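When the letters of the sequence shown are read in order and numbered with the numbering used here, they come out as residues 47 to 215. Just below is one structure, and these are the notes that go with it.
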Amino acid sequence: MGAFLLAGYLATAHGQAVSVSKCLADFAPADESDVWFSDPVAAARAGERVLGVGFAVEDVPELLVDMRSWHWPAARGLLRVETLPDWHFLGFEPVGFDGGIWHTWGCVGGLVGDVAAATGVRPGGWGLIADEGDARRAAGWLTESGLGDPKVERWFAVKVVDLVPGVNV
Numbered sequence: 047m048g049a050f051l052l053a054g055y056l057a058t059a060h061g062q063a064v065s066v067s068k069c070l071a072d073f074a075p076a077d078e079s080d081v082w083f084s085d086p087v088a089a090a091r092a093g094e095r096v097l098g099v100g101f102a103v104e105d106v107p108e109l110l111v112d113m114r115s116w117h118w119p120a121a122r123g124l125l126r127v128e129t130l131p132d133w134h135f136l137g138f139e140p141v142g143f144d145g146g147i148w149h150t151w152g153c154v155g156g157l158v159g160d161v162a163a164a165t166g167v168r169p170g171g172w173g174l175i176a177d178e179g180d181a182r183r184a185a186g187w188l189t190e191s192g193l194g195d196p197k198v199e200r201w202f203a204v205k206v207v208d209l210v211p212g213v214n215v
């Protein structure tokens, strides 16, 4: 696996879907306008489960263009240039940014099936993709296909890790 930069932390309840998208999961607020935490300890106080979210270093320049076009403040997480913590690996999720929120292949109708039919890539546990190469192939196909448009034009493979209380922090 390549290097991943930390986008931030999300706090959610156990039993929630594992996703970076508010379309599929409910997150505890970090403040009155955002659900992204910059500190895992603060995220742990706010929720039962803490997810660390990271993007491949090579994807960050394009990703920041998308995020800045919506004036999204959480772009600061990637600008800190912190490496994603080496926590319990959950998988990769194809996501794209639009209108100030993240969309996932699971929340934009039928894309999981479209990706499987076109590439053979299917979700595993937690609805995530286990292999980075497969996740990048799925994200690339979604971008090229245009099927996420008008919501998402560019897709990325985000890496999701899980904080293990008492072990990681």
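By construction, the Cβ of each residue, glycine as well, lies at the ideal position given by its N, Cα and C atoms. Bear in mind the structure is a predicted one, so any value in this text is a computation, not a measurement.
* Quick one: what does DSSP say A57 is sitting in, helix, strand or coil? -> strand
How far does the beta strand (DSSP E) with W148 in it extend, from its first residue to its last?
I147 to T150
**Prompt:** With DSSP run on the structure shown, which of helix, strand or coil describes L124?
**Reply:** helix
- Could you check which residue in G61, G48, A57 and A53 has the C-alpha nearest to that of L209? A57
Item to complete: Determine the DSSP secondary structure at V66, reduced to helix, strand or coil.
Response: coil
Which of the three DSSP states, helix, strand or coil, is assigned to G171? helix
Q.
Among the candidates E78, G146 and V111, whose CA atom is the shortest distance from the CA of K68?
A. G146
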